[in-house]
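Remarks on the structure that follows.
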Amino acid sequence: MKKLVAFLIPFCLLQGLLAQEQAAVYMHYHLSPILVNPSVAGFSGNHQIQMNIRSQWTTFPNAPKTYSLNYDGPLGRVLGIGVGLLSEDIGGMNRLRFQLNYAFRYEVTKEVKLGLGFSTEFQNIKVSDSVRDNVFYEEGDEILEQAIEGNNVFDAALGAWARFNDATYIGIAFPNLIVAKIGDIASKDPEGSFFKFVIFNMGHEFDITSANFKLEPSLIFRKIWNTPFMVDFNLKGAFLDEKLIAGLSYRAGVGGAVGLLLGTKYDAFRFYYTYDVFFGDFQQFNGGSHEVTVAFQFDSGKKRFDRD
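Each residue of the sequence shown is one higher than the one before, starting from 267 at the first, in my numbering.
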(Lines of atoms letter the chains of each structure in order from A and count residues from 1; the text may use other names and numbers.)
(Lines give C-alpha, C1' and ligand atoms only; values in the text may rest on other atoms or scores of the structure.)
Protein backbone atom coordinates (compact mmCIF):
# COMPACT_ATOMS: atom_id res chain seq x y z
CA MET A 1 0.00 0.00 0.00
CA LYS A 2 2.81 2.40 0.89
CA LYS A 3 4.42 1.71 -2.50
CA LEU A 4 1.27 2.71 -4.34
CA VAL A 5 0.78 5.86 -2.26
CA ALA A 6 4.44 6.81 -2.66
CA PHE A 7 4.12 6.52 -6.45
CA LEU A 8 0.91 8.54 -6.61
CA ILE A 9 1.91 11.41 -4.29
CA PRO A 10 4.25 13.20 -6.74
CA PHE A 11 1.70 13.20 -9.54
CA CYS A 12 -1.14 14.31 -7.31
CA LEU A 13 1.05 17.24 -6.28
CA LEU A 14 2.39 18.08 -9.75
CA GLN A 15 -0.40 20.46 -10.74
CA GLY A 16 -0.06 22.27 -7.45
CA LEU A 17 3.69 22.64 -7.86
CA LEU A 18 3.26 24.11 -11.32
CA ALA A 19 1.20 26.99 -10.01
CA GLN A 20 2.06 27.20 -6.33
CA GLU A 21 5.47 28.70 -5.72
CA GLN A 22 4.99 28.35 -1.97
CA ALA A 23 4.75 24.56 -2.16
CA ALA A 24 7.40 24.25 0.53
CA VAL A 25 5.29 25.14 3.56
CA TYR A 26 7.90 26.38 6.03
CA MET A 27 7.39 26.51 9.78
CA HIS A 28 10.20 29.08 10.18
CA TYR A 29 8.61 31.95 8.24
CA HIS A 30 7.87 33.78 11.53
CA LEU A 31 11.61 33.67 12.24
CA SER A 32 12.54 34.67 8.68
CA PRO A 33 9.54 36.39 7.03
CA ILE A 34 11.59 36.85 3.84
CA LEU A 35 10.50 33.25 3.11
CA VAL A 36 6.92 34.42 2.41
CA ASN A 37 7.16 38.20 1.87
CA PRO A 38 9.59 39.87 -0.60
CA SER A 39 9.23 43.32 1.00
CA VAL A 40 11.26 42.17 4.04
CA ALA A 41 14.46 42.13 1.96
CA GLY A 42 16.97 44.40 3.69
CA PHE A 43 14.35 45.68 6.13
CA SER A 44 16.47 45.03 9.23
CA GLY A 45 19.40 46.94 7.76
CA ASN A 46 21.62 43.89 8.21
CA HIS A 47 23.02 41.33 5.78
CA GLN A 48 21.75 37.81 6.39
CA ILE A 49 22.69 34.45 4.90
CA GLN A 50 20.26 31.67 5.72
CA MET A 51 20.26 27.92 5.06
CA ASN A 52 17.08 25.93 5.61
CA ILE A 53 16.43 22.18 5.47
CA ARG A 54 12.98 20.65 5.89
CA SER A 55 12.37 16.90 5.98
CA GLN A 56 8.66 16.18 5.88
CA TRP A 57 6.83 12.96 6.76
CA THR A 58 10.01 11.22 7.94
CA THR A 59 10.11 7.40 7.78
CA PHE A 60 7.60 7.47 4.88
CA PRO A 61 9.09 6.28 1.54
CA ASN A 62 10.17 9.09 -0.80
CA ALA A 63 8.95 11.76 1.62
CA PRO A 64 9.43 15.44 0.64
CA LYS A 65 12.76 17.10 1.40
CA THR A 66 13.41 20.80 0.86
CA TYR A 67 16.75 22.62 0.81
CA SER A 68 17.08 26.38 0.47
CA LEU A 69 19.80 29.01 0.58
CA ASN A 70 18.86 32.69 0.90
CA TYR A 71 20.55 36.05 1.22
CA ASP A 72 18.99 39.43 1.88
CA GLY A 73 20.37 42.80 2.86
CA PRO A 74 20.30 46.55 2.25
CA LEU A 75 21.44 48.02 -1.04
CA GLY A 76 22.20 51.68 -0.52
CA ARG A 77 20.10 53.85 1.74
CA VAL A 78 16.56 52.81 0.88
CA LEU A 79 16.74 49.67 -1.22
CA GLY A 80 16.87 46.04 -0.21
CA ILE A 81 17.66 42.96 -2.24
CA GLY A 82 17.32 39.22 -1.75
CA VAL A 83 18.46 36.12 -3.61
CA GLY A 84 17.13 32.62 -3.01
CA LEU A 85 17.81 29.13 -4.34
CA LEU A 86 15.56 26.19 -3.49
CA SER A 87 15.69 22.50 -4.30
CA GLU A 88 12.81 20.21 -3.41
CA ASP A 89 12.48 16.45 -3.86
CA ILE A 90 9.08 14.76 -3.61
CA GLY A 91 9.34 11.11 -4.47
CA GLY A 92 10.54 10.99 -8.07
CA MET A 93 9.92 14.69 -8.61
CA ASN A 94 12.45 17.52 -8.31
CA ARG A 95 11.81 21.24 -8.22
CA LEU A 96 14.61 23.79 -8.62
CA ARG A 97 13.73 27.45 -8.01
CA PHE A 98 15.71 30.68 -8.33
CA GLN A 99 14.20 33.82 -6.79
CA LEU A 100 15.10 37.51 -6.68
CA ASN A 101 13.54 39.91 -4.15
CA TYR A 102 13.55 43.69 -4.49
CA ALA A 103 12.35 46.06 -1.77
CA PHE A 104 12.06 49.76 -1.00
CA ARG A 105 12.43 50.79 2.67
CA TYR A 106 10.99 54.03 3.99
CA GLU A 107 10.81 55.65 7.42
CA VAL A 108 7.35 57.23 7.59
CA THR A 109 7.98 58.53 11.12
CA LYS A 110 10.41 57.59 13.88
CA GLU A 111 7.85 55.06 15.06
CA VAL A 112 6.66 53.71 11.69
CA LYS A 113 8.84 51.94 9.13
CA LEU A 114 7.48 50.66 5.83
CA GLY A 115 8.78 48.25 3.22
CA LEU A 116 7.34 47.62 -0.24
CA GLY A 117 8.70 44.92 -2.50
CA PHE A 118 8.23 42.36 -5.21
CA SER A 119 9.89 39.14 -6.28
CA THR A 120 10.46 37.36 -9.56
CA GLU A 121 11.23 33.68 -9.75
CA PHE A 122 11.92 30.95 -12.22
CA GLN A 123 11.64 27.25 -11.53
CA ASN A 124 12.05 23.97 -13.29
CA ILE A 125 9.93 20.99 -12.26
CA LYS A 126 10.63 17.53 -13.57
CA VAL A 127 10.01 13.88 -12.77
CA SER A 128 12.85 11.37 -12.72
CA ASP A 129 13.19 8.92 -15.62
CA SER A 130 13.18 6.14 -13.03
CA VAL A 131 9.37 6.37 -12.77
CA ARG A 132 9.21 4.47 -16.07
CA ASP A 133 10.44 1.41 -14.17
CA ASN A 134 7.51 1.55 -11.74
CA VAL A 135 4.85 -1.14 -12.18
CA PHE A 136 2.15 1.56 -12.18
CA TYR A 137 3.69 3.44 -15.13
CA GLU A 138 1.66 3.42 -18.36
CA GLU A 139 3.50 4.10 -21.60
CA GLY A 140 2.04 6.94 -23.64
CA ASP A 141 0.76 8.98 -20.68
CA GLU A 142 1.15 12.50 -22.11
CA ILE A 143 1.01 14.29 -18.76
CA LEU A 144 3.67 12.05 -17.26
CA GLU A 145 5.89 12.22 -20.35
CA GLN A 146 5.75 16.01 -20.27
CA ALA A 147 6.59 15.95 -16.56
CA ILE A 148 9.65 13.78 -17.25
CA GLU A 149 10.83 16.28 -19.86
CA GLY A 150 10.35 19.07 -17.32
CA ASN A 151 8.14 22.13 -16.95
CA ASN A 152 9.51 25.67 -16.73
CA VAL A 153 7.51 28.14 -14.68
CA PHE A 154 7.84 31.88 -14.14
CA ASP A 155 6.03 33.69 -11.34
CA ALA A 156 6.03 36.90 -9.33
CA ALA A 157 4.79 38.25 -6.00
CA LEU A 158 4.12 41.61 -4.36
CA GLY A 159 4.40 42.44 -0.68
CA ALA A 160 4.27 45.15 1.98
CA TRP A 161 5.76 45.14 5.47
CA ALA A 162 5.32 47.65 8.30
CA ARG A 163 6.81 47.87 11.77
CA PHE A 164 5.59 50.11 14.56
CA ASN A 165 7.72 51.21 17.52
CA ASP A 166 10.15 48.39 16.67
CA ALA A 167 7.72 45.98 18.34
CA THR A 168 4.56 45.45 16.26
CA TYR A 169 4.72 44.24 12.66
CA ILE A 170 2.17 43.63 9.92
CA GLY A 171 2.81 42.10 6.52
CA ILE A 172 0.83 41.18 3.45
CA ALA A 173 1.97 39.39 0.31
CA PHE A 174 0.29 38.38 -2.94
CA PRO A 175 2.02 35.27 -4.33
CA ASN A 176 1.33 33.45 -7.61
CA LEU A 177 0.62 36.66 -9.54
CA ILE A 178 1.84 35.06 -12.74
CA VAL A 179 1.59 31.36 -13.39
CA ALA A 180 2.79 30.89 -16.94
CA LYS A 181 4.51 27.90 -18.42
CA ILE A 182 7.25 29.15 -20.70
CA GLY A 183 6.47 28.23 -24.28
CA ASP A 184 2.77 27.73 -23.59
CA ILE A 185 0.66 30.82 -24.23
CA ALA A 186 -2.61 29.21 -23.24
CA SER A 187 -3.18 29.18 -19.48
CA LYS A 188 -5.00 26.33 -17.78
CA ASP A 189 -6.80 28.89 -15.62
CA PRO A 190 -8.73 31.26 -17.92
CA GLU A 191 -9.24 33.70 -15.04
CA GLY A 192 -5.53 33.85 -14.23
CA SER A 193 -4.25 34.14 -10.69
CA PHE A 194 -3.66 37.87 -10.30
CA PHE A 195 -4.31 38.87 -6.66
CA LYS A 196 -6.39 35.73 -6.05
CA PHE A 197 -4.05 34.48 -3.33
CA VAL A 198 -2.81 36.23 -0.20
CA ILE A 199 -0.54 35.74 2.82
CA PHE A 200 -1.17 38.04 5.79
CA ASN A 201 0.77 37.96 9.04
CA MET A 202 1.14 40.07 12.14
CA GLY A 203 2.80 39.90 15.54
CA HIS A 204 4.06 41.84 18.54
CA GLU A 205 7.20 41.53 20.64
CA PHE A 206 6.86 42.14 24.38
CA ASP A 207 10.21 43.05 25.91
CA ILE A 208 10.22 42.28 29.64
CA THR A 209 13.58 43.84 30.41
CA SER A 210 13.41 43.24 34.17
CA ALA A 211 13.39 39.48 33.52
CA ASN A 212 15.67 39.54 30.45
CA PHE A 213 12.82 37.89 28.56
CA LYS A 214 10.98 38.52 25.28
CA LEU A 215 7.60 37.09 24.34
CA GLU A 216 6.33 37.23 20.76
CA PRO A 217 2.86 36.03 19.72
CA SER A 218 2.12 36.06 15.98
CA LEU A 219 -0.28 34.65 13.42
CA ILE A 220 -0.54 34.16 9.69
CA PHE A 221 -3.51 33.80 7.34
CA ARG A 222 -2.68 32.02 4.12
CA LYS A 223 -4.69 31.35 0.97
CA ILE A 224 -2.53 29.95 -1.79
CA TRP A 225 -3.23 28.07 -5.01
CA ASN A 226 -5.05 24.77 -4.72
CA THR A 227 -4.74 24.77 -0.92
CA PRO A 228 -7.48 25.28 1.69
CA PHE A 229 -7.41 28.41 3.82
CA MET A 230 -4.90 28.02 6.66
CA VAL A 231 -4.23 29.93 9.89
CA ASP A 232 -1.09 29.55 12.00
CA PHE A 233 -0.76 30.68 15.61
CA ASN A 234 2.78 31.08 16.96
CA LEU A 235 4.19 31.87 20.38
CA LYS A 236 7.92 32.41 20.81
CA GLY A 237 9.87 33.14 23.98
CA ALA A 238 13.50 34.31 24.19
CA PHE A 239 15.63 34.17 27.33
CA LEU A 240 19.11 35.36 28.34
CA ASP A 241 19.57 37.89 25.52
CA GLU A 242 18.02 35.38 23.08
CA LYS A 243 20.67 32.75 23.77
CA LEU A 244 17.78 30.40 24.51
CA ILE A 245 14.69 30.45 22.28
CA ALA A 246 11.62 28.23 22.52
CA GLY A 247 8.25 28.32 20.85
CA LEU A 248 5.01 26.61 19.91
CA SER A 249 3.07 26.75 16.63
CA TYR A 250 -0.42 25.51 15.85
CA ARG A 251 -1.74 25.25 12.31
CA ALA A 252 -5.50 25.23 11.74
CA GLY A 253 -6.80 23.93 8.45
CA VAL A 254 -5.74 21.02 6.21
CA GLY A 255 -6.09 18.64 9.14
CA GLY A 256 -4.14 20.78 11.59
CA ALA A 257 -0.59 20.50 12.90
CA VAL A 258 1.51 21.49 15.90
CA GLY A 259 5.21 22.34 16.01
CA LEU A 260 7.79 22.78 18.78
CA LEU A 261 10.68 25.23 18.32
CA LEU A 262 14.12 25.42 19.92
CA GLY A 263 16.83 27.87 18.95
CA THR A 264 19.67 30.15 19.93
CA LYS A 265 21.44 33.34 18.91
CA TYR A 266 25.08 34.07 19.59
CA ASP A 267 26.69 37.13 18.01
CA ALA A 268 26.16 36.71 14.25
CA PHE A 269 25.09 33.06 14.48
CA ARG A 270 21.46 31.84 14.59
CA PHE A 271 20.20 28.28 14.87
CA TYR A 272 16.57 27.07 14.90
CA TYR A 273 15.04 23.60 14.98
CA THR A 274 11.36 22.64 14.76
CA TYR A 275 9.63 19.29 15.01
CA ASP A 276 6.00 19.23 13.87
CA VAL A 277 3.30 16.60 13.56
CA PHE A 278 0.12 16.45 11.51
CA PHE A 279 -3.26 15.77 13.17
CA GLY A 280 -4.74 13.95 10.17
CA ASP A 281 -4.91 10.20 9.60
CA PHE A 282 -1.77 10.29 7.46
CA GLN A 283 0.36 10.94 10.56
CA GLN A 284 0.17 7.25 11.46
CA PHE A 285 2.25 6.46 8.37
CA ASN A 286 5.17 8.80 9.16
CA GLY A 287 7.36 10.08 11.98
CA GLY A 288 6.57 13.78 11.74
CA SER A 289 8.59 16.58 10.13
CA HIS A 290 11.89 18.24 10.99
CA GLU A 291 13.06 21.72 10.00
CA VAL A 292 16.48 23.27 10.64
CA THR A 293 17.62 26.82 9.91
CA VAL A 294 21.20 28.04 10.23
CA ALA A 295 21.74 31.75 9.65
CA PHE A 296 24.45 34.37 9.92
CA GLN A 297 23.58 38.04 10.32
CA PHE A 298 26.12 40.81 9.80
CA ASP A 299 25.84 44.48 10.63
CA SER A 300 25.84 46.67 7.52
CA GLY A 301 27.52 49.50 9.42
CA LYS A 302 24.40 51.65 9.32
CA LYS A 303 21.30 51.62 11.46
CA ARG A 304 18.04 50.61 9.86
CA PHE A 305 16.74 53.38 7.55
CA ASP A 306 19.84 55.50 8.25
CA ARG A 307 20.10 58.01 5.39
CA ASP A 308 23.22 59.82 6.43
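Don't be surprised by glycine CBs; every beta carbon is placed ideally from N, CA and C.
Assignment of residue 411 by DSSP, reduced to helix, strand and coil, places it in the helix class. By alpha-carbon distance to residue 419, the top candidate from 307, 389, 410 and 436 is 389. Judged by DSSP in its simplified three-state form, residue 307 adopts coil rather than helix or strand. Ranked by Cα distance from residue 526, the first of 544, 442 and 534 is 544. Beta-carbon to beta-carbon, residue 505 and residue 535 are separated by about 17 Å, too far to satisfy the 8 Å threshold.
Between residue 337 and residue 315, the C-beta spacing is below 8 Å. Counted as a single uninterrupted DSSP element, the beta strand (DSSP E) harbouring residue 427 occupies residues 417-430.
Taking C-beta atoms as the reference points, residue 520 and residue 317 fail to come closer than 8 Å. In the three-state reduction of the DSSP assignment, residue 298 falls in the coil class. In its chain, beyond the 5 residues on either side, 465 and 496 have a beta carbon closer than 6 Å to the beta carbon of residue 488. Sorting 486, 481 and 508 by C-alpha distance to the C-alpha of residue 501 places 481 at the top.
Between residue 557 and residue 363, the C-beta spacing is not below 8 Å. With 16 or more other Cβ atoms inside 10 Å of its own Cβ, residue 358 counts as buried. When the alpha-carbon of residue 323 is set against those of 554, 490 and 562, the nearest one is in 554.
Secondary structure of residue 475 (DSSP, three-state): helix. Just measuring C-alpha positions, the residue of 305, 430, 484 and 375 sitting nearest residue 441 is 305.
Secondary structure of residue 322 (DSSP, three-state): coil. Our two residues, residue 405 and residue 342, have alpha carbons roughly 55 Å apart in a direct line. Straight across, the Cα-Cα distance linking residue 328 with residue 372 is about 45 Å. Only residues of its own chain outside the window of five on either side were considered, and among them 470 have a CB closer than 6 Å to the CB of residue 434, listed in chain order.
For residue 340, the enclosing beta strand (DSSP E) begins and ends at 331-341. Following the DSSP letters along the chain, one finds residue 496 inside the beta strand (DSSP E) bounded by residues 496-505.
As the crow flies, the alpha-carbon of residue 310 is around 17 Å from that of residue 384. For the 8 Å CB-CB criterion, residue 422 and residue 381 do not form a contact.
Within the same chain, and ignoring the five residues on either side of residue 350 in sequence, the residues whose Cβ sits closer than 6 Å to its Cβ are 336 and 365.
With contacts defined by Cβ atoms closer than 8 Å, residue 367 and residue 566 do not form a contacting pair. With fewer than 16 other CB atoms across the displayed protein chains lying within 10 angstroms of its CB, residue 476 is exposed.
Nearest to residue 514 by alpha-carbon distance, out of 508, 297, 436 and 499, is 499. Note: residue 559 is bridge-paired with 318 and 538 in the DSSP secondary-structure output.
Linking residue 518 to residue 551 through their CA atoms gives a straight-line distance of about 21 Å. In terms of Cα proximity to residue 438, the closest of 413, 490 and 356 is 490.
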